[in-house]
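136 is the number that this note's numbering gives to position 140 of the sequence shown; each next residue is one higher, with no gaps.
Quick reminder that beta carbons are idealized off the backbone N, C-alpha and C, glycines included.
Heads up, the thing below is written out as structure tokens.
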Amino acid sequence: MKKPSPKRRPRRRALTGAALAAHAGEIERNLVGLYPDAHCELDFRSPFELLCATILSAQCTDKRVNMVTPVLFERWPDARALAAASQEDVEEVIRSTGFFRSKAKSLIGMARALVASHAGNVPADMDALTALPGVGRKTANVLLGNAFQQNEGIVVDTHVARLAARFGLTTETDPVRIEQALMPLFERAGWARLSHLLIWHGRRVCDARKPRCAECTLATICPSAAA
Ligand code: SF4
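Encoded structure:
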């Protein structure tokens, strides 16, 4: 027999304006209390390493990426080395991260573009970053927020998108529109940390398929909490 799905509270009317901003602030304060040390879980020692790791993290866990990158950086420690690598050699090293052909192409293309246009350095600029092969706004936000301490935007990955919806912060579904909806609700200085807070809660409690509402300390303020 099909198991009944857990009852969810009737949805409150969507908050707007100052009430929505206050709700966002309460969520952020609670998450900071829960995860005071929330940070990027990809291992890196330089902007170049974070850029490679972020490209590899598409459709792959950070844990898996962190197993692969030490080998990648040992063989190709900087953009000049990676720009000269063969597609086959890079594919072999990154195979376990999935989508390895397109990721190898992006890594080599990105490295060649860094050498050609930025003297082998990673630019700390949104437009220059998003002009690199394999780098979209999400990846650029990861770089700017974590390697350059610039809060240019908010990283919207699958966890951030899901939690923003569950917390009733936005009804948008497109990542760029979600980012635009979140930015006015949170202090700019905390944008990079906000992504980590939402990602950490998404990974540890607010699972995509089975959110653990009974254990969630934010259930009293979450409009999507199971009753
Ligand atoms: S109460 Fe449930 S839906 Fe809301 S954040 Fe917590 S786990 Fe997610």
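When secondary structure is reduced to three states using DSSP, residue 188 falls in the helix class. A residue is called buried when at least 16 other Cβ atoms come within 10 angstroms of its Cβ; residue 59 does not meet this threshold and is exposed.
Around the ligand SF4, the residues selected by a Cβ distance under 6 Å to any of its heavy atoms are 162, 201, 202, 207, 208, 209, 212, 214, 215, 218, 220 and 221, following chain order. Rounded to the nearest whole angstrom, the CA to CA distance from residue 35 to residue 189 is 7 Å.
Taking a cut-off of 8 Å on C-beta distances, the segment 182 to 198 touches the segment 142 to 159, as three or more cross pairs fall below it. When DSSP assignments are scanned along the segment 70 to 94, the uninterrupted stretches of alpha helix (DSSP H) that are 4 or more residues long and fall wholly within it turn out to be 75 to 79 and 83 to 90. Nearest neighbour of residue 156 by Cα position, chosen from 144, 66, 90 and 179, turns out to be 179.
Within its own chain, the residues whose Cβ lies closer than 7 Å to the Cβ of residue 20, once the five positions on either side in sequence are excluded, are 165, 181 and 182, listed in chain order. Inclusion of residue 51 and residue 122 in the CB contact set at 8 Å is not warranted, their separation being larger than that value. Taking C-alpha positions only, residue 197 is separated from residue 203 by approximately 8 Å. When the beta-carbon positions are compared, residue 131 and residue 104 stay at least 8 Å from each other.
Residue 111 is positioned such that its CB atom lies no closer than 8 Å to that of residue 47.
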